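Trainee:
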Amino acid sequence: MATTHAILVGAGIGGLTAALAMQKAGVKVTIYEQAPALAEVGAGLTVSPNATHGLEYVGLGKFMADNADTPESGAGLHYQTGEVLYTTQEFGGFRKKYGAEYYQIHRADIHEGLAAAVRKNDPDAIKLGHKFASFTQDGKTVTATFENGATATGDVMIGCDGVRSGVRGALFGREAPDFTGQVAFRGVVPADPIRHLLVPTRSAVAIGPGRIFTRYYLRHGKEVNYVGIARTDKWKEEGWSIPATPEEMLSVYGDFHENITGIIKSTPPGKLFKWAMFGRPPIEQWTVGRVSLLGDAAHPMLPFLDMGAAMSIEDGVLLGRAFGASSSVEEALTRYEAARKQRANKVLIDSRTQGEIYQSDDPTKLRGKPSGEMRLGLFDYNPATVPV
452 MATTHAILVG
462 AGIGGLTAAL
472 AMQKAGVKVT
482 IYEQAPALAE
492 VGAGLTVSPN
502 ATHGLEYVGL
512 GKFMADNADT
522 PESGAGLHYQ
532 TGEVLYTTQE
542 FGGFRKKYGA
552 EYYQIHRADI
562 HEGLAAAVRK
572 NDPDAIKLGH
582 KFASFTQDGK
592 TVTATFENGA
602 TATGDVMIGC
612 DGVRSGVRGA
622 LFGREAPDFT
632 GQVAFRGVVP
642 ADPIRHLLVP
652 TRSAVAIGPG
662 RIFTRYYLRH
672 GKEVNYVGIA
682 RTDKWKEEGW
692 SIPATPEEML
702 SVYGDFHENI
712 TGIIKSTPPG
722 KLFKWAMFGR
732 PPIEQWTVGR
742 VSLLGDAAHP
752 MLPFLDMGAA
762 MSIEDGVLLG
772 RAFGASSSVE
782 EALTRYEAAR
792 KQRANKVLID
802 SRTQGEIYQS
812 DDPTKLRGKP
822 SGEMRLGLFD
832 YNPATVPV
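Listed below in C-alpha coordinates is the structure:
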(Lines of atoms letter the chains of each structure in order from A and count residues from 1; the text may use other names and numbers.)
(Lines give C-alpha, C1' and ligand atoms only; values in the text may rest on other atoms or scores of the structure.)
Protein backbone atom coordinates (compact mmCIF):
# COMPACT_ATOMS: atom_id res chain seq x y z
CA MET A 1 0.00 0.00 0.00
CA ALA A 2 1.27 3.50 -0.82
CA THR A 3 1.98 5.77 2.12
CA THR A 4 -1.29 6.17 3.98
CA HIS A 5 -2.37 9.05 6.21
CA ALA A 6 -4.75 8.07 9.01
CA ILE A 7 -6.88 10.47 11.04
CA LEU A 8 -7.58 9.14 14.52
CA VAL A 9 -10.24 10.93 16.57
CA GLY A 10 -9.46 10.58 20.27
CA ALA A 11 -6.19 10.19 22.16
CA GLY A 12 -7.26 7.71 24.80
CA ILE A 13 -5.57 4.39 25.42
CA GLY A 14 -7.14 2.80 22.35
CA GLY A 15 -6.35 5.67 20.02
CA LEU A 16 -2.74 5.89 21.17
CA THR A 17 -2.24 2.13 20.87
CA ALA A 18 -3.73 2.22 17.37
CA ALA A 19 -1.40 5.07 16.47
CA LEU A 20 1.66 3.08 17.56
CA ALA A 21 0.54 -0.04 15.71
CA MET A 22 -0.21 1.93 12.55
CA GLN A 23 3.10 3.78 12.78
CA LYS A 24 4.78 0.38 13.03
CA ALA A 25 3.00 -0.57 9.79
CA GLY A 26 4.34 2.52 8.04
CA VAL A 27 1.15 4.59 8.23
CA LYS A 28 1.38 8.32 8.92
CA VAL A 29 -0.94 9.03 11.83
CA THR A 30 -2.43 12.24 13.16
CA ILE A 31 -4.52 12.06 16.33
CA TYR A 32 -7.09 14.77 17.01
CA GLU A 33 -8.03 15.08 20.69
CA GLN A 34 -10.75 17.40 21.99
CA ALA A 35 -9.07 18.10 25.35
CA PRO A 36 -6.71 21.08 25.59
CA ALA A 37 -4.09 18.91 27.33
CA LEU A 38 -3.38 15.21 27.58
CA ALA A 39 -4.47 14.23 31.07
CA GLU A 40 -6.09 11.01 32.26
CA VAL A 41 -8.29 10.52 35.28
CA GLY A 42 -6.63 9.59 38.55
CA ALA A 43 -7.52 5.93 38.67
CA GLY A 44 -6.04 2.52 38.10
CA LEU A 45 -6.70 -0.13 35.51
CA THR A 46 -5.80 -3.76 34.98
CA VAL A 47 -3.81 -4.94 31.98
CA SER A 48 -4.42 -8.64 31.51
CA PRO A 49 -2.04 -10.88 29.52
CA ASN A 50 -4.01 -10.47 26.28
CA ALA A 51 -3.52 -6.70 26.50
CA THR A 52 0.08 -7.01 27.67
CA HIS A 53 0.85 -8.91 24.46
CA GLY A 54 -0.52 -5.93 22.56
CA LEU A 55 1.52 -3.38 24.50
CA GLU A 56 4.65 -5.44 23.98
CA TYR A 57 3.89 -5.51 20.25
CA VAL A 58 3.87 -1.70 20.09
CA GLY A 59 7.07 -1.39 22.13
CA LEU A 60 5.82 -0.77 25.66
CA GLY A 61 6.97 -4.02 27.23
CA LYS A 62 9.81 -2.48 29.24
CA PHE A 63 7.67 0.51 30.19
CA MET A 64 5.05 -1.77 31.71
CA ALA A 65 7.63 -3.88 33.53
CA ASP A 66 9.15 -0.72 35.02
CA ASN A 67 5.95 1.14 35.92
CA ALA A 68 3.18 -1.39 36.62
CA ASP A 69 2.44 -3.64 39.58
CA THR A 70 2.08 -7.41 39.29
CA PRO A 71 -0.12 -8.91 42.02
CA GLU A 72 0.90 -12.34 43.25
CA SER A 73 -2.66 -13.38 44.01
CA GLY A 74 -6.21 -12.12 44.23
CA ALA A 75 -9.41 -13.01 46.04
CA GLY A 76 -13.16 -12.63 45.98
CA LEU A 77 -14.47 -11.72 49.45
CA HIS A 78 -17.87 -11.78 51.12
CA TYR A 79 -18.90 -8.17 51.51
CA GLN A 80 -19.83 -8.41 55.22
CA THR A 81 -17.79 -11.23 56.74
CA GLY A 82 -14.62 -10.91 54.65
CA GLU A 83 -14.77 -14.67 53.95
CA VAL A 84 -12.60 -15.67 51.00
CA LEU A 85 -15.08 -17.01 48.43
CA TYR A 86 -12.46 -17.80 45.81
CA THR A 87 -8.78 -17.11 45.16
CA THR A 88 -6.67 -16.50 42.08
CA GLN A 89 -3.19 -17.73 42.91
CA GLU A 90 -1.79 -17.82 39.40
CA PHE A 91 -0.95 -14.13 38.82
CA GLY A 92 2.73 -14.72 39.47
CA GLY A 93 2.77 -17.53 36.90
CA PHE A 94 0.94 -15.75 34.11
CA ARG A 95 4.11 -15.15 32.08
CA LYS A 96 4.66 -18.90 31.96
CA LYS A 97 1.01 -19.76 31.38
CA TYR A 98 0.02 -17.06 28.88
CA GLY A 99 3.35 -15.66 27.72
CA ALA A 100 2.64 -12.25 29.26
CA GLU A 101 2.16 -10.62 32.67
CA TYR A 102 -0.99 -9.47 34.43
CA TYR A 103 -0.42 -5.83 35.42
CA GLN A 104 -2.14 -3.13 37.45
CA ILE A 105 -1.16 0.44 36.65
CA HIS A 106 -2.26 4.02 37.15
CA ARG A 107 -4.26 5.10 34.11
CA ALA A 108 -2.31 8.35 33.87
CA ASP A 109 1.00 6.46 33.79
CA ILE A 110 0.10 4.15 30.90
CA HIS A 111 -1.51 7.05 29.03
CA GLU A 112 1.66 9.11 29.40
CA GLY A 113 3.81 6.19 28.25
CA LEU A 114 1.72 5.61 25.14
CA ALA A 115 1.64 9.30 24.22
CA ALA A 116 5.41 9.64 24.66
CA ALA A 117 5.99 6.66 22.37
CA VAL A 118 3.71 8.12 19.68
CA ARG A 119 5.48 11.47 19.86
CA LYS A 120 8.89 9.80 19.76
CA ASN A 121 7.90 8.40 16.38
CA ASP A 122 6.39 11.71 15.24
CA PRO A 123 6.57 14.83 17.45
CA ASP A 124 3.61 16.38 15.59
CA ALA A 125 1.31 13.35 15.68
CA ILE A 126 -1.07 14.60 18.41
CA LYS A 127 -3.23 17.69 17.90
CA LEU A 128 -5.01 18.97 21.02
CA GLY A 129 -8.11 21.14 21.30
CA HIS A 130 -9.83 19.56 18.29
CA LYS A 131 -13.37 18.34 19.01
CA PHE A 132 -14.82 16.33 16.14
CA ALA A 133 -17.86 17.86 14.41
CA SER A 134 -18.44 16.08 11.09
CA PHE A 135 -16.82 14.39 8.13
CA THR A 136 -17.17 13.82 4.41
CA GLN A 137 -15.65 11.12 2.23
CA ASP A 138 -15.45 10.73 -1.54
CA GLY A 139 -14.17 7.19 -2.05
CA LYS A 140 -10.52 8.19 -2.02
CA THR A 141 -10.15 10.49 1.00
CA VAL A 142 -11.86 11.46 4.24
CA THR A 143 -12.10 15.05 5.49
CA ALA A 144 -12.85 15.69 9.16
CA THR A 145 -14.15 19.03 10.41
CA PHE A 146 -13.66 20.13 14.00
CA GLU A 147 -15.61 22.54 16.16
CA ASN A 148 -12.71 25.02 16.16
CA GLY A 149 -13.12 25.34 12.38
CA ALA A 150 -10.07 23.28 11.46
CA THR A 151 -10.24 20.51 8.88
CA ALA A 152 -8.04 17.50 8.21
CA THR A 153 -7.92 15.24 5.17
CA GLY A 154 -6.56 11.71 5.12
CA ASP A 155 -6.95 8.32 3.51
CA VAL A 156 -8.82 6.80 6.46
CA MET A 157 -10.44 7.96 9.72
CA ILE A 158 -10.93 5.95 12.91
CA GLY A 159 -13.27 7.04 15.69
CA CYS A 160 -11.54 6.30 19.01
CA ASP A 161 -13.66 8.82 20.88
CA GLY A 162 -15.47 6.77 23.50
CA VAL A 163 -19.01 5.78 24.39
CA ARG A 164 -20.36 9.15 23.20
CA SER A 165 -18.40 8.95 19.97
CA GLY A 166 -19.05 11.79 17.57
CA VAL A 167 -17.69 9.66 14.74
CA ARG A 168 -20.13 6.84 15.54
CA GLY A 169 -22.95 9.36 15.64
CA ALA A 170 -21.96 10.75 12.25
CA LEU A 171 -21.84 7.23 10.80
CA PHE A 172 -24.94 5.65 12.29
CA GLY A 173 -27.04 8.39 13.87
CA ARG A 174 -26.61 10.36 17.05
CA GLU A 175 -28.51 8.24 19.55
CA ALA A 176 -27.60 8.76 23.19
CA PRO A 177 -26.13 5.76 25.01
CA ASP A 178 -28.27 3.94 27.55
CA PHE A 179 -27.92 4.37 31.30
CA THR A 180 -26.96 0.90 32.53
CA GLY A 181 -28.38 1.24 36.03
CA GLN A 182 -24.87 1.30 37.50
CA VAL A 183 -23.03 4.04 39.35
CA ALA A 184 -19.34 3.87 40.18
CA PHE A 185 -17.15 5.48 42.81
CA ARG A 186 -13.37 5.57 42.42
CA GLY A 187 -10.58 6.71 44.66
CA VAL A 188 -6.81 6.54 44.98
CA VAL A 189 -5.37 6.66 48.50
CA PRO A 190 -1.89 6.43 50.08
CA ALA A 191 -1.13 2.82 50.95
CA ASP A 192 0.87 3.11 54.18
CA PRO A 193 -1.96 4.22 56.53
CA ILE A 194 -4.28 1.43 55.36
CA ARG A 195 -1.89 -1.42 54.63
CA HIS A 196 -3.32 -3.40 57.55
CA LEU A 197 -6.73 -3.34 55.84
CA LEU A 198 -5.45 -4.86 52.59
CA VAL A 199 -5.84 -8.50 53.55
CA PRO A 200 -5.72 -11.35 52.73
CA THR A 201 -4.35 -10.56 49.24
CA ARG A 202 -2.83 -7.54 47.50
CA SER A 203 -5.72 -7.49 45.04
CA ALA A 204 -9.32 -8.28 45.98
CA VAL A 205 -12.98 -7.73 45.13
CA ALA A 206 -15.67 -7.66 47.83
CA ILE A 207 -18.97 -8.97 46.50
CA GLY A 208 -22.36 -7.94 47.87
CA PRO A 209 -26.00 -7.71 46.77
CA GLY A 210 -26.14 -5.16 43.98
CA ARG A 211 -22.63 -3.89 44.77
CA ILE A 212 -18.97 -4.78 44.38
CA PHE A 213 -15.82 -3.11 45.70
CA THR A 214 -12.43 -3.73 44.04
CA ARG A 215 -9.06 -2.59 45.32
CA TYR A 216 -5.42 -3.11 44.36
CA TYR A 217 -1.99 -1.52 44.64
CA LEU A 218 -0.53 1.05 42.26
CA ARG A 219 2.89 2.62 41.78
CA HIS A 220 4.86 -0.21 43.36
CA GLY A 221 2.70 -0.40 46.45
CA LYS A 222 2.70 3.31 47.27
CA GLU A 223 -0.98 3.87 46.44
CA VAL A 224 -4.20 1.89 46.48
CA ASN A 225 -6.82 2.21 43.78
CA TYR A 226 -10.40 1.29 44.60
CA VAL A 227 -13.63 1.19 42.63
CA GLY A 228 -17.13 0.57 43.94
CA ILE A 229 -19.90 -0.24 41.47
CA ALA A 230 -23.52 -0.28 42.62
CA ARG A 231 -26.91 -0.75 41.01
CA THR A 232 -29.15 2.29 41.18
CA ASP A 233 -32.08 3.86 39.38
CA LYS A 234 -31.83 7.21 41.13
CA TRP A 235 -28.76 8.86 39.67
CA LYS A 236 -27.63 9.41 36.10
CA GLU A 237 -25.18 12.29 36.40
CA GLU A 238 -22.56 12.18 33.67
CA GLY A 239 -18.82 12.79 33.67
CA TRP A 240 -15.70 10.95 34.78
CA SER A 241 -14.64 13.37 37.49
CA ILE A 242 -17.67 14.40 39.51
CA PRO A 243 -16.47 14.96 43.09
CA ALA A 244 -17.87 12.68 45.78
CA THR A 245 -17.28 12.34 49.52
CA PRO A 246 -16.55 9.31 51.72
CA GLU A 247 -19.84 9.97 53.50
CA GLU A 248 -21.73 9.74 50.20
CA MET A 249 -20.04 6.48 49.27
CA LEU A 250 -20.58 5.06 52.76
CA SER A 251 -24.31 5.67 52.34
CA VAL A 252 -24.09 2.91 49.71
CA TYR A 253 -21.32 0.76 51.24
CA GLY A 254 -21.87 1.30 54.96
CA ASP A 255 -22.78 -2.35 55.58
CA PHE A 256 -19.58 -3.68 54.00
CA HIS A 257 -16.76 -5.19 56.08
CA GLU A 258 -14.83 -2.75 58.26
CA ASN A 259 -11.73 -3.18 56.09
CA ILE A 260 -13.70 -1.81 53.14
CA THR A 261 -15.30 1.06 55.02
CA GLY A 262 -11.90 1.84 56.52
CA ILE A 263 -10.40 2.27 53.06
CA ILE A 264 -13.24 4.56 52.03
CA LYS A 265 -12.91 6.66 55.20
CA SER A 266 -9.18 7.09 54.57
CA THR A 267 -9.71 8.83 51.23
CA PRO A 268 -8.13 12.32 51.24
CA PRO A 269 -10.26 15.31 50.21
CA GLY A 270 -10.50 15.67 46.45
CA LYS A 271 -9.51 12.05 45.75
CA LEU A 272 -12.96 10.45 45.46
CA PHE A 273 -15.10 10.72 42.34
CA LYS A 274 -18.26 9.19 40.94
CA TRP A 275 -19.85 8.60 37.57
CA ALA A 276 -22.89 6.97 36.02
CA MET A 277 -22.20 4.16 33.57
CA PHE A 278 -23.62 4.30 30.09
CA GLY A 279 -23.48 1.64 27.40
CA ARG A 280 -24.75 0.55 24.02
CA PRO A 281 -25.85 -2.77 22.54
CA PRO A 282 -23.50 -4.57 20.16
CA ILE A 283 -23.56 -3.42 16.54
CA GLU A 284 -22.89 -5.56 13.48
CA GLN A 285 -21.22 -2.86 11.40
CA TRP A 286 -18.29 -0.68 12.42
CA THR A 287 -17.15 0.57 9.02
CA VAL A 288 -18.60 2.76 6.29
CA GLY A 289 -16.26 3.38 3.38
CA ARG A 290 -12.99 4.68 4.79
CA VAL A 291 -14.28 5.37 8.29
CA SER A 292 -14.38 2.89 11.17
CA LEU A 293 -14.59 2.69 14.96
CA LEU A 294 -12.35 1.43 17.76
CA GLY A 295 -12.65 0.79 21.49
CA ASP A 296 -15.66 2.14 23.39
CA ALA A 297 -16.82 3.95 20.25
CA ALA A 298 -17.51 0.49 18.78
CA HIS A 299 -18.19 -1.63 21.88
CA PRO A 300 -18.50 0.22 25.22
CA MET A 301 -17.75 -2.19 28.05
CA LEU A 302 -19.02 -2.34 31.59
CA PRO A 303 -16.04 -2.92 33.91
CA PHE A 304 -17.05 -6.25 35.47
CA LEU A 305 -14.46 -8.20 33.47
CA ASP A 306 -11.80 -5.44 33.58
CA MET A 307 -11.63 -5.65 29.80
CA GLY A 308 -12.45 -2.14 28.58
CA ALA A 309 -8.87 -0.95 28.13
CA ALA A 310 -7.78 -4.42 27.02
CA MET A 311 -10.32 -4.51 24.19
CA SER A 312 -9.20 -1.07 23.01
CA ILE A 313 -5.57 -2.19 23.04
CA GLU A 314 -6.47 -5.34 21.11
CA ASP A 315 -8.40 -3.23 18.57
CA GLY A 316 -5.46 -0.89 18.10
CA VAL A 317 -2.96 -3.68 17.51
CA LEU A 318 -5.21 -5.51 15.02
CA LEU A 319 -5.93 -2.27 13.18
CA GLY A 320 -2.22 -1.64 12.70
CA ARG A 321 -1.55 -5.23 11.69
CA ALA A 322 -4.43 -5.09 9.19
CA PHE A 323 -2.85 -2.11 7.47
CA GLY A 324 0.51 -3.87 7.42
CA ALA A 325 -1.06 -6.90 5.73
CA SER A 326 -3.24 -5.09 3.16
CA SER A 327 -2.85 -3.47 -0.23
CA SER A 328 -5.68 -0.95 0.21
CA VAL A 329 -7.52 0.97 2.91
CA GLU A 330 -10.72 -0.91 2.17
CA GLU A 331 -9.00 -4.27 2.56
CA ALA A 332 -7.38 -3.17 5.83
CA LEU A 333 -10.68 -2.07 7.37
CA THR A 334 -12.39 -5.26 6.21
CA ARG A 335 -9.64 -7.37 7.80
CA TYR A 336 -9.74 -5.31 11.00
CA GLU A 337 -13.50 -5.53 11.51
CA ALA A 338 -13.57 -9.24 10.67
CA ALA A 339 -10.79 -9.92 13.16
CA ARG A 340 -12.30 -7.93 16.01
CA LYS A 341 -16.08 -7.67 15.90
CA GLN A 342 -17.08 -11.12 17.13
CA ARG A 343 -14.69 -11.14 20.10
CA ALA A 344 -15.38 -7.55 21.13
CA ASN A 345 -19.16 -7.95 20.96
CA LYS A 346 -18.99 -11.20 22.94
CA VAL A 347 -16.92 -9.59 25.69
CA LEU A 348 -19.37 -6.65 25.76
CA ILE A 349 -22.23 -9.07 26.46
CA ASP A 350 -20.18 -11.20 28.86
CA SER A 351 -19.23 -8.10 30.86
CA ARG A 352 -22.89 -7.33 31.50
CA THR A 353 -23.55 -10.95 32.44
CA GLN A 354 -20.61 -10.93 34.85
CA GLY A 355 -22.09 -7.86 36.52
CA GLU A 356 -25.28 -9.79 37.18
CA ILE A 357 -23.24 -12.64 38.67
CA TYR A 358 -21.14 -10.35 40.87
CA GLN A 359 -24.13 -8.36 42.08
CA SER A 360 -26.42 -11.30 42.83
CA ASP A 361 -28.33 -11.32 46.10
CA ASP A 362 -26.26 -14.22 47.48
CA PRO A 363 -22.47 -13.74 47.20
CA THR A 364 -21.87 -17.24 48.58
CA LYS A 365 -22.94 -18.62 45.19
CA LEU A 366 -19.44 -17.66 44.01
CA ARG A 367 -17.74 -19.75 46.68
CA GLY A 368 -14.98 -21.82 45.07
CA LYS A 369 -15.63 -20.54 41.54
CA PRO A 370 -12.99 -18.90 39.31
CA SER A 371 -13.15 -15.24 38.34
CA GLY A 372 -15.04 -14.33 35.19
CA GLU A 373 -11.94 -13.61 33.11
CA MET A 374 -10.43 -16.98 33.97
CA ARG A 375 -13.71 -18.83 33.47
CA LEU A 376 -14.27 -17.32 30.03
CA GLY A 377 -10.70 -17.92 28.83
CA LEU A 378 -10.18 -14.27 27.86
CA PHE A 379 -6.46 -14.26 28.64
CA ASP A 380 -5.55 -16.81 25.94
CA TYR A 381 -5.92 -14.26 23.13
CA ASN A 382 -2.80 -12.67 21.63
CA PRO A 383 -3.55 -9.67 19.37
CA ALA A 384 0.01 -9.76 18.02
CA THR A 385 -0.40 -13.24 16.52
CA VAL A 386 -4.08 -13.98 15.85
CA PRO A 387 -5.01 -14.10 12.15
CA VAL A 388 -5.90 -10.80 10.53
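Each residue of the sequence shown is one higher than the one before, counting from 452 in this note's numbering.
Backbone N, C-alpha and C define an ideal beta-carbon position, used for all residues, glycine too.
Just so it is clear, the structure is predicted and the values come from calculations on it, not from any experiment.
Going by the beta-carbon positions, is the gap between residue 741 and residue 798 smaller than 8 Å?
Mentor: Their beta carbons are not under 8 Å apart, which means residue 741 does not touch residue 798 by this criterion.
Trainee: For residue 514 and residue 657, what's the separation of their Cα atoms in angstroms?
Mentor: So the alpha carbons of these two residues sit roughly 30 Å apart.
Trainee: Could you check what DSSP says for residue 518 in three-state terms: helix, strand or coil?
Mentor: Note: residue 518 maps to helix in three-state DSSP.
Trainee: Cβ of residue 788 within 8 Å of Cβ of residue 836?
Mentor: Against a cut-off of 8 Å, the Cβ pair of residue 836 and residue 788 comes out as no contact.
Trainee: For residue 631 versus residue 752, is the C-beta spacing smaller than 8 Å?
Mentor: No. Outside cutoff.
Trainee: Quick one: what's got a C-beta closer than 6 Å to residue 654's C-beta in the same chain, skipping five residues either side?
Mentor: Excluding residues within five positions, the ones whose Cβ falls inside 6 Å are 522, 525 and 667.
Trainee: Determine the contact status of residue 472 and residue 504, defining contact as a CB-CB distance below 8 Å.
Mentor: No; because the gap between Cβ atoms is not below 8 Å, this pair is not in contact.
Trainee: At a cut of 8 Å, does the region 622-640 reach the region 709-721 through at least three beta carbon pairs?
Mentor: They touch, by the three-pair rule.
Trainee: Considering residue 483, what are the terminal residues of the beta strand (DSSP E) in which it resides?
Mentor: 479-483 is the span of the beta strand (DSSP E), which, as asked, contains residue 483.
Trainee: Residues in its own chain within less than 6 Å of residue 784 by CB, not counting five upstream and five downstream?
Mentor: The answer, listed in chain order, is 738 and 743.
Trainee: Taking residue 663 as the reference, give the member of 681, 495, 834 and 676 with the closest Cα.
Mentor: Comparing Cα positions, the closest option is 681.
Trainee: Under the DSSP definition of a beta bridge, which residues are partnered with residue 830?
Mentor: In DSSP, residue 830 forms no bridge with anything.
Trainee: Are the Cβ atoms of residue 592 and residue 600 separated by less than 8 Å?
Mentor: Cβ distance not < 8 Å, so residue 592 and residue 600 don't count as in contact.
Trainee: Let me see if you follow: with CB-CB separation under 8 Å, is residue 501 close to chain C or not?
Mentor: Annotation note: the requested chain C is absent from the structure, which comprises a single protein chain.
Trainee: Sort out for me which residues DSSP pairs residue 608 with in a bridge.
Mentor: Note: residue 608 sits in a beta bridge opposite 458 and 742.
Trainee: Would you check if the distance between the CB atom of residue 769 and the CB atom of residue 791 is smaller than 8 Å?
Mentor: Yes; because the gap between Cβ atoms is below 8 Å, this pair is in contact.
Trainee: Start and end of the beta strand (DSSP E) containing residue 728?
Mentor: Residues 723-730.
Trainee: Go through its chain and collect everything with a Cβ distance to residue 640's Cβ below 6 Å, but skip five positions before and after it.
Mentor: 675, 717 and 718, listed in sequence order.
Trainee: If you count every other CB in all the chains shown that lies within 10 Å of the CB of residue 800, and 16 or more means buried, which is it?
Mentor: Exposed, by the Cβ-count rule.
Trainee: Ignoring anything shorter than 4 residues or poking outside the region 547-620, list the alpha helix (DSSP H) runs there in chain order.
Mentor: Counting only runs of 4 or more, we get 558-572.
Trainee: Per DSSP, what kind of secondary structure is residue 863 in: helix, strand or coil?
Mentor: Because the chain is modelled from 452 through 839, residue 863 falls outside the range shown and cannot be assessed.
Trainee: Can at least three beta-carbon pairs, one atom from the region 577-594 and one from the region 469-488, be found at a separation below 8 Å?
Mentor: Yes, the region 577-594 is in contact with the region 469-488.
Trainee: Across the region 759-768 and the region 810-817, are there enough close Cβ pairs to call them in contact, namely three or more that are closer than 8 Å?
Mentor: No, the region 759-768 is not in contact with the region 810-817.
Trainee: Could you pull out every unbroken alpha helix (DSSP H) segment of at least 4 residues lying fully inside the region 667-709, listed in chain order?
Mentor: If we require 4 residues or more, the alpha helix (DSSP H) runs fully inside the region 667-709 come out as 697-704.
Trainee: Taking the straight line between their C-alpha atoms, what separation do you get for residue 669 and residue 575?
Mentor: When rounded, the distance between both Cα atoms is 31 Å.
Trainee: Measure the alpha-carbon distance for residue 547 versus residue 695 and round it to whole angstroms.
Mentor: Each residue's alpha carbon lies about 41 Å from the other.
Trainee: To the nearest angstrom, how far is it from the Cα of residue 763 to the Cα of residue 460?
Mentor: Rounded to whole angstroms, residue 763 to residue 460 spans 14 Å at the Cα level.
Trainee: Once DSSP output is grouped into helix, strand and coil, what is the label at residue 809?
Mentor: If DSSP states are grouped into helix, strand and coil, residue 809 belongs with the helices.
Trainee: If residue 830 sits next to residue 499, beta carbons under 8 Å apart, how far is it from one beta carbon to the other, in whole angstroms?
Mentor: That belief holds up - the Cβ atoms of residue 830 and residue 499 are roughly 5 Å apart, short of 8 Å.
Trainee: DSSP three-state call for residue 786: helix, strand or coil?
Mentor: Three-state DSSP puts residue 786 in a helix.
Trainee: Around the Cβ of residue 697, are there at least 16 other Cβ atoms within 10 angstroms (buried) or fewer (exposed)?
Mentor: It is buried - the Cβ of residue 697 has at least 16 other Cβ atoms within 10 Å.
Trainee: From the DSSP output, in three-state form, read off residue 757 for me.
Mentor: Three-state DSSP puts residue 757 in coil, outside helix and strand.
Trainee: Could you spell out where the alpha helix (DSSP H) holding residue 503 opens and where it closes?
Mentor: Run containing residue 503: 500-508, per the alpha helix (DSSP H) assignment.
Trainee: For residue 613 and residue 463, which I take to be in contact (beta-carbon distance under 8 Å), what is that distance rounded to the nearest angstrom?
Mentor: At roughly 7 Å, the Cβ-Cβ gap stays under 8 Å, so residue 613 and residue 463 are in contact.
Trainee: Distance, Cα to Cα, residue 419 vs residue 730?
Mentor: Outside the shown range of the chain, which is 452 to 839, sits residue 419, and nothing can be said about it.
Trainee: Give the DSSP-derived three-state secondary structure of residue 486 in the structure shown.
Mentor: Residue 486 falls in the coil class under three-state DSSP.
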